[in-house]
Amino acid sequence: MRSRRSRRKSSRRSKKRSPRKSPSKKCKEHLQKKIKINMAEYKSGRYSSRAQALAVSYAQVKKKYPSCKRSLTKKRK
Numbered sequence: 228m229r230s231r232r233s234r235r236k237s238s239r240r241s242k243k244r245s246p247r248k249s250p251s252k253k254c255k256e257h258l259q260k261k262i263k264i265n266m267a268e269y270k271s272g273r274y275s276s277r278a279q280a281l282a283v284s285y286a287q288v289k290k291k292y293p294s295c296k297r298s299l300t301k302k303r304k
């Protein structure tokens, strides 16, 4: 029989954590979903151009998820 200590160690090893997505990946997923929605609305006539629908998508994601501001802004040199 195994001791109590060795059983506890083996049970800790067997538990695996689910891999977490990085914040930038989550933000990109939110943005992709929003772009898809807004492009459909553009086709139905809500927006005047594709660029406007895209700009609105960025603004909506930044407003709903403030932590995404950093990963969605342009990088300047």
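302 is the number that this note's numbering gives to position 75 of the sequence shown; each next residue is one higher, with no gaps. We treat Cβ as the ideally placed atom computed from N, Cα and C, and that holds for glycine.
Output the distance between the C-alpha atoms of residue i and residue j, rounded to the nearest integer angstrom.
i, j, result
"S251", "K260", "14 Å"
"R273", "P246", "39 Å"
"S294", "Q287", "13 Å"
"Y269", "S275", "7 Å"
"A282", "S271", "17 Å"
"K291", "K248", "19 Å"
"K253", "A267", "22 Å"
Residue j and residue i - do their beta-carbons sit closer together than 8 Å?
i, j, result
"N265", "A280", "yes"
Out of the options, point me to the one whose CA is closest to residue i's CA.
i, options, result
"K255", "S298, K270, R303 and K291", "S298"
"K301", "Y285, H257 and S276", "Y285"
My understanding is that residue i touches residue j, with C-beta atoms under 8 Å, so please give their C-beta distance in whole angstroms.
i, j, result
"K296", "K289", "5 Å"
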